[in-house]
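S.K.: Taking this note's numbering, I'd label the letters of the sequence shown as residues 234 to 351. Every residue, glycine too, gets a C-beta built ideally from N, C-alpha and C. If you're wondering where the values come from, they're calculated on a predicted model, not measured in any experiment. The structure's right below; bear with me while I get my questions together.
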Amino acid sequence: MTSFDINTAAETITTINKKNKKEAEKRRLDAQKEGMLVAKKLKATIPEIQAIWGFGSTFEKNKPYHLHSDIDLAIEGGDILQAILLAEKSHFKIDIIEITDTDDNFVRLLKQNGIRLA
């Protein structure tokens with residue numbers, strides 16, 4: 234029977250956590266770039282879109298980001314179904330909402346904490 238060394242276990246867990254955090258931060262940066270690229274494509278393809286906002290853990294540093302986090306986009310105007318179909322071509326999971334379908338408090342928070350992408 235082998236003995237359990239708490240210090241070795243703690244070091245292993247710390248190393249794994251640091252690696253996961255580094256991978257998640259790299260993926261967050263990749264997701265931000267993808268979100269900006271998708272926003273530009275949406276704006277170019279659907280001219281009725283007045284603005285596109287990125288929000289949630291991909292764009293808001295105060296929210297925890299995980300390796301499985303998605304990209305959240307909010308559009309102002311334009312055809313939401315067409316936007317969703319275009320966004321589905323991304324290798325990231327992207328959720329899109331139309332801000333006129335949300336309450337005023339959400340819109341205020343979105344514009345305060347989100348990032349305008351287009």
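What's the call for Ala272, buried or exposed, on a 16-neighbour Cβ count within 10 Å?
M.R.: Its Cβ being crowded by 16 or more others within 10 Å, Ala272 is buried.
S.K.: As a quick exercise: from Ala316, Lys322, Ile327, pick the residue whose alpha carbon is nearest that of Thr278.
M.R.: It is Ala316.
S.K.: Please state the DSSP three-state secondary structure of Gly310.
M.R.: Residue state, collapsed to three classes: coil.
S.K.: Taking C-alpha atoms, which residue in Met269, Lys252, Leu275 lies nearest to Gly347?
M.R.: If we check each option's Cα against that of Gly347, Met269 comes out closest.
S.K.: Could you name the residues that DSSP lists as bridge partners for Glu331?
M.R.: According to DSSP, Glu331 bridges with Ile308.
S.K.: According to DSSP, Gly195 sits in a beta bridge with which residue or residues?
M.R.: In the structure as shown, the chain starts at 234 and stops at 351, and residue 195 therefore has no counterpart that could be examined.
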